[in-house]
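Below is one structure, written out as structure tokens, with a few remarks after it.
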Amino acid sequence: MRWTELPASPTPAPLPDLHPLVAQALARRGILTPDAALAFLDPSHYRPAPASDLPGMEQAVSRLMDAVRLGQRICVWGDFDVDGQTATAVLVSALRSLGADPVYYLPVRSRESHGVSLPALKTILDNGAQLLVTCDTGIGSHEAITYAHRREVDTILTDHHDLPPQLPQAAVIVTPRMLPASHPLATLAGVGVAYKLAEALYEQSAAGLQPDDLLDLVALGLIADLAALTGDCRYLAQKGLEALRRTQRAGLQAMMKLAELDPAHLTEEHVGFTLGPRLNALGRLGDANPAVELLTTSDPARARLLAAQLENYNAQRRRLTE
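In terms of the working numbering, the sequence shown is residues 6 to 327.
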């Protein structure tokens, strides 16, 4: 038998208030200074990267602000998993805050797959959509995006999945996959990219809007999607969990009540194993589009009705997996 010795551990940061084992664990993550340790452990000490670090962000914001100003019909196209649902809800909420009236669409899993499907896109464009914005999807949808281009409809493509050998014919592509792996935005999931786009839009708005109101949705999507919690992704999950514990979002309140969760003591385990599966069940067994309404409605009665539908789908999911 041959033994393989572990490499020597880096020297931990001099942190007198931390147990030595915690300091050693941080050192193994490459966190070797007091400032870096504070930023990792306490999100109030972390400085998030600017949204403009994402390639294409400035062009995406410019095109969207033009669409809002001109009153163009915007379609937000998401995905049926929790990351896609929450990313869609983030962009729909942000655009509504800016005065737009977007439509949205999530593929129905029983008859479509991930990505932008051509038949559904034709219907949406025939109904008057003048700008297509994808979130958590679209990087491989060459045919559909080329079709939109031929109809003189721009596509702003936001995604986080692997880049194909050839990129689609979108007007703008915003993806962390174009960043170096060491960049703090590199591990963003779809909802994280959507949030950074909303953040950049709000910065250009004269209305004084704050993206913090969207952080509860961001945490839900990041944790349910099992995103790598490093850099900004970890920061957004930490801040988002804080926001979830005090959320005023009618749909999330209704979901937590039916799931018998105490918002004040919500943890990432509750998100990953209780809230996330309910939303995923809707996408897997039915039509995920009502999830966006659940996550964006301000009507408590409507939220309770939609949350009850989620409970029914979740019960079906449990029976299928027993």
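By construction, the Cβ of each residue, glycine as well, lies at the ideal position given by its N, Cα and C atoms.
Run through DSSP, which three-state label would L172 get? coil
CA-CA distance, H50 and Y240? 10 Å
Am I right that P170 and V198 are in contact with their C-beta atoms under 8 Å? What's the rounded C-beta distance? In fact, because the Cβ distance is near 21 Å, the residues do not count as touching under 8 Å.
Taking V223 and T38 to be in contact with their CB atoms under 8 Å, please state how far apart those CB atoms are, rounded to whole angstroms. Actually they are not in contact, since the Cβ atoms of V223 and T38 sit about 27 Å apart, beyond 8 Å.
Cβ-Cβ separation, A134 to V108 (assumed contact under 8 Å), whole Å: 7 Å
Which first and last residues belong to the beta strand (DSSP E) in which L162 is found? 159 to 163
Could you tell me which of A186, A212, Y200, N317 sits nearest to G226, measuring between CA atoms? Y200
Where C140 falls: helix, strand or coil (DSSP): coil
Coarse secondary structure for V95, derived from DSSP in three states: helix
Going residue by residue through the stretch 164 to 252, where are the continuous beta strand (DSSP E) segments of at least 3 residues, counting only ones entirely within it? 177 to 179
Around the C-beta of R156, are 16 or more other C-beta atoms found within 10 angstroms, so that it is buried, or is it exposed? exposed
Is there contact here, the stretch 160 to 169 with the stretch 127 to 147, by at least three beta-carbon pairs under 8 Å? yes
Please specify which runs of the alpha helix (DSSP H), each continuous and at least 4 residues long, are wholly inside the stretch 71 to 136, giving them in chain order. 87 to 102, 123 to 131
Among residues of its own chain, excluding the 5 on either side of L136, which ones have a beta-carbon nearer than 6 Å to its beta-carbon? A72, Q77, I79, D159
Own chain, CB closer than 7 Å to L266, minus 5 neighbours either side, in chain order: H275, T279
Which of helix, strand or coil does DSSP assign to P55? coil
Nearest to A320 by CA position, among L284, P25, T151, G120, is which residue? L284
Inspect the CB distances between the stretch 248 to 257 and the stretch 300 to 313 and report whether three or more fall short of 8 Å. yes
Could you check where the alpha helix (DSSP H) with G281 kicks off and where it finishes? 281 to 290
Check the C-beta distance from A99 over to L219 and give it rounded, since I have them as a contact under 8 Å. 7 Å
Which word fits N132, buried or exposed, when buried means at least 16 other C-beta atoms lie within 10 angstroms of its C-beta? exposed
Where the alpha helix (DSSP H) containing I150 begins and where it ends: 147 to 155
Counting only the same chain and skipping the five closest in sequence on each side, list residues whose C-beta sits under 6 Å from that of A175. I150, T160, L162
With the cut-off set at 8 Å, would you say V81 and L59 are in Cβ contact? no
Can you tell me whether E204 is buried or exposed, with buried defined as 16 or more other CB within 10 angstroms of its CB? buried
Check this for me: beta carbons of A277 and A229, under 8 Å apart or not? The sequence given here places Gly at residue 277; Ala does not occur at that position. It is a contact, given that the beta carbons lie within the stated cut-off.
Alpha carbon to alpha carbon, what distance is there between L26 and V87? 35 Å
Leaving out the 5 sequence neighbours to the left and right, which residues in its chain are closer than 7 Å to S122 when beta-carbon positions are compared? P112, A149
Nearest-angstrom Cα separation, counted from Q64 out to L172: 17 Å
N- and C-terminal bounds of the alpha helix (DSSP H) containing V297: 294 to 301
Exposed unless 16 or more other CB atoms sit within 10 angstroms - verdict on P295: buried
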